[in-house]
Amino acid sequence: MKLYPFILIAAFSVNLLSGCKEKKQEPKSAEVEPTTTASKTGTYAELSIKEGGAWEGREHKGGTFKNVAEVTLPEQHTDHSDYIRYEGPGWENARIGYRLYLDWRNAIDIFGKKTDTMVLHEVGKAGLPSYHDPAPWGQDILKAGKSLGLGGFGRFINDSVAHFRTVEKTHATVSNGEDVSLVEIEYTGWKTGTETIDLRASLSIYSQDRFTEVTLDPSDPIEGLATGMVKFEDMELLQKKSENSQWGYIATYGTQTLVNDQDKLGMAIFYKTGEVAGIVEGPHDHLILFKKTDGQVDYYFLAAWEQEPNGITTKESFIADLDSKLNTLQQRGSLD
Numbered sequence: 009m010k011l012y013p014f015i016l017i018a019a020f021s022v023n024l025l026s027g028c029k030e031k032k033q034e035p036k037s038a039e040v041e042p043t044t045t046a047s048k049t050g051t052y053a054e055l056s057i058k059e060g061g062a063w064e065g066r067e068h069k070g071g072t073f074k075n076v077a078e079v080t081l082p083e084q085h086t087d088h089s090d091y092i093r094y095e096g097p098g099w100e101n102a103r104i105g106y107r108l109y110l111d112w113r114n115a116i117d118i119f120g121k122k123t124d125t126m127v128l129h130e131v132g133k134a135g136l137p138s139y140h141d142p143a144p145w146g147q148d149i150l151k152a153g154k155s156l157g158l159g160g161f162g163r164f165i166n167d168s169v170a171h172f173r174t175v176e177k178t179h180a181t182v183s184n185g186e187d188v189s190l191v192e193i194e195y196t197g198w199k200t201g202t203e204t205i206d207l208r209a210s211l212s213i214y215s216q217d218r219f220t221e222v223t224l225d226p227s228d229p230i231e232g233l234a235t236g237m238v239k240f241e242d243m244e245l246l247q248k249k250s251e252n253s254q255w256g257y258i259a260t261y262g263t264q265t266l267v268n269d270q271d272k273l274g275m276a277i278f279y280k281t282g283e284v285a286g287i288v289e290g291p292h293d294h295l296i297l298f299k300k301t302d303g304q305v306d307y308y309f310l311a312a313w314e315q316e317p318n319g320i321t322t323k324e325s326f327i328a329d330l331d332s333k334l335n336t337l338q339q340r341g342s343l344d
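Residues in the sequence shown are numbered consecutively from 9, following our numbering.
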């Protein structure tokens with residue numbers, strides 16, 4: 009699988025984590041330039057934080073949102089602090105949008121899109137309708153609750169998922185290229201149980217299809233590193249492996265959105281079987297547990313909303329799409 013390098017942006021002095029290992033993989037071929045405005049290309053990632061105003065306890069009052077290429081989270085920041093527009097970085101292409109809660113929850117949410125244009129630069133701004141409500145562009149469609157959402161990551165320990173409640177420093181960057189946009193997050197001093205590590209995460213969205221590619225790189229081997237998707241009552245978990253058994257997926261399809269009781273959504277995560285210790289059920293998630301390793305792990309996740317223009321509208325079509333991608337992974341080793 010190709011891996012894009014972390015971009016060194018001199019103007020913003022992005023420092024890589026000192027505890028992370030030297031990569032064994034060849035770097036990805038495309039250069040991605042930083043930008044903080046929506047482009048006319050097929051992908052877009054952004055990060056928007058408050059400028060002006062002041063902190064009052066754990067909430068940021070006043071100020072206006074401004075797009076930035078990077079941010080180190082203030083110590084006061086937590087969920088619903090109103091410091092980051094729509095609570096974290098967002099990324100999209102013509103078919104789908106996603107956002108990551110850049111706080112202790114570290115879940116990934118879905119922006120369902122009814123248009124093929126870039127919309128995130130207008131989402132969550134003051135004076136506009138809530139992104140939880142239906143709009144011409146679409147809306148927030150996933151109820152993540154206490155889960156990892158779709159493709160979020162944490163550590164499965166003591167039969168539950170440890171999110172990111174104890175972290176010394178969290179630093180995030182976004183960047184955009186012609187055919188790919190990146191969200192990169194460095195977690196320094198992430199403590200779970202009795203262990204503390206650094207973790208580097210890279211999330212890439214491409215101009216084609218609906219998927220996001222994720223690379224997780226822990227500074228030290230750790231058991232229980234996991235990704236997963238929120239589980240809903242009476243929703244069947246679909247599972248399949250490629251013919252060569254080197255790739256697999258877990259998926260769900262059905263009425264599992266915030267829109268209404270008839271609205272349908274498909275969600276899936278593709279994984280390398282050689283990197284995975286098992287598929288387990290957590291309290292709130294279907295989980296993929298990664299093996300304890302001294303290297304990085306990679307996976308893809310995707311969402312297919314039935315209201316997407318020319319989208320997937322049946323379970324049969326969704327499974328056919330997943331099986332096609334599984335075959336591509338078997339043949340090429342990547343989707344991008």
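In this text, a Cβ means the ideal position worked out from N, Cα and C, and glycines have one as well.
Beta-carbon to beta-carbon, Phe219 and Leu330 are separated by about 11 Å, too far to satisfy the 8 Å threshold.
Secondary structure at Arg107: strand, using DSSP grouped into helix, strand and coil. With a 10 Å radius around the Cβ and a threshold of 16 neighbouring Cβ atoms, Asp269 comes out exposed. When only Cα atoms are considered, Gly274 and Leu246 end up about 11 Å apart.
At a Cβ-Cβ threshold of 9 Å, Glu231 and Asp306 do not count as neighbours. By the Cβ-count criterion, Gln254 is exposed, with fewer than 16 other Cβ atoms from all chains shown falling within 10 Å of its own Cβ. In this structure, Gly256 lies away from Gly290, with their beta-carbon atoms at least 9 Å apart.
Residue environment: Lys151 is assigned as exposed (fewer than 16 neighbouring CB atoms within 10 Å of its CB, all protein chains considered). Taking 9 Å as the cut-off, the Cβ atoms of Val284 and Phe164 do not count as close.
Here Ser325 carries a helix assignment [DSSP, helix/strand/coil]. Boundaries of the beta strand (DSSP E) around Glu192: 188-200. One alpha carbon belongs to Lys333, the other to Asn252, and they sit about 14 Å apart. Sequence-distant partners of Pro137 (beyond 5 residues in either direction) whose C-beta falls short of 8 Å from its own C-beta, in its chain, are Ala143. Assigned with DSSP and collapsed to three states, Gln315 falls in coil, not helix or strand. Counted as a single uninterrupted DSSP element, the stretch harbouring Leu150 is not any beta strand (DSSP E), since DSSP gives it neither H nor E. Contact annotation: Tyr139 and Trp99 have beta-carbon atoms that are not nearer than 9 Å. For Val182, the enclosing beta strand (DSSP E) stretches over residues 175-184.
Under the three-state reduction of DSSP output, Ser250 falls in the coil class, being neither helix nor strand. One Cα belongs to Thr322, the other to Lys239, and the distance between them is close to 19 Å. Take Arg107, set aside five residues on each side of it, and the residues of its chain with a beta-carbon closer than 6 Å to its own are Tyr94, Gly96, Gly98, Asp117, in chain order. The bridge partners DSSP lists for Asp306 are Thr223. When Cβ pairs closer than 8 Å are counted between the two stretches, the region 196-212 is seen not to touch the region 118-137, the count staying below three.
Asp242 is positioned such that its CB atom lies no closer than 9 Å to that of Tyr214.
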